[in-house]
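Here's the structure we're looking at; comments come further down.
Numbering (the numbering used here), first residue to last: 1143 to 1252.
Here it is, written out as structure tokens:
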């Protein structure tokens, strides 16, 4: 008989938001909070993408690039910190795409 995995705790987004540095980096993806502190250093897309969104729900940034189940396949179960109560997610908790630099002004012809 298979042993069931322990139930994940329910977390508030305010709790996740406390883990917002590269030394203590949690990200929310599809309603689950993951500790990506160590993974960020080896992320193929660069550490900045992980660490710049520490403590936030990065699902909207993650979804177009990755399969939905990739985190559960790549990470040890111990790095899944819990399920996030969706009622606690505020707009400021949602990761935003990086702003593109404004184009250089056009030079006037002499």
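Just so you know, even glycine gets a beta-carbon here, dropped at the ideal spot from N, CA and C. Please read all numbers here as calculations on a predicted model, not as lab measurements.
From the DSSP output, read off the bridge partner residues of residue i.
i: residue 1198; result: 1169
i: residue 1175; result: 1170, 1224
i: residue 1236; result: 1199
i: residue 1153; result: 1226
Ignore the nearest five residues each way along the sequence and tell me which others in residue i's own chain have a CB closer than 7 Å to its CB.
i: residue 1171; result: 1200, 1201, 1204, 1213
i: residue 1222; result: 1150, 1174, 1176
i: residue 1166; result: 1179
Below 8 Å between beta carbons: does that hold for residue i and residue j?
i: residue 1224; j: residue 1179; result: no
i: residue 1154; j: residue 1227; result: yes
i: residue 1197; j: residue 1168; result: yes
With residue i as the anchor, note down where its beta strand (DSSP E) starts and where it stops.
i: residue 1224; result: 1222-1226
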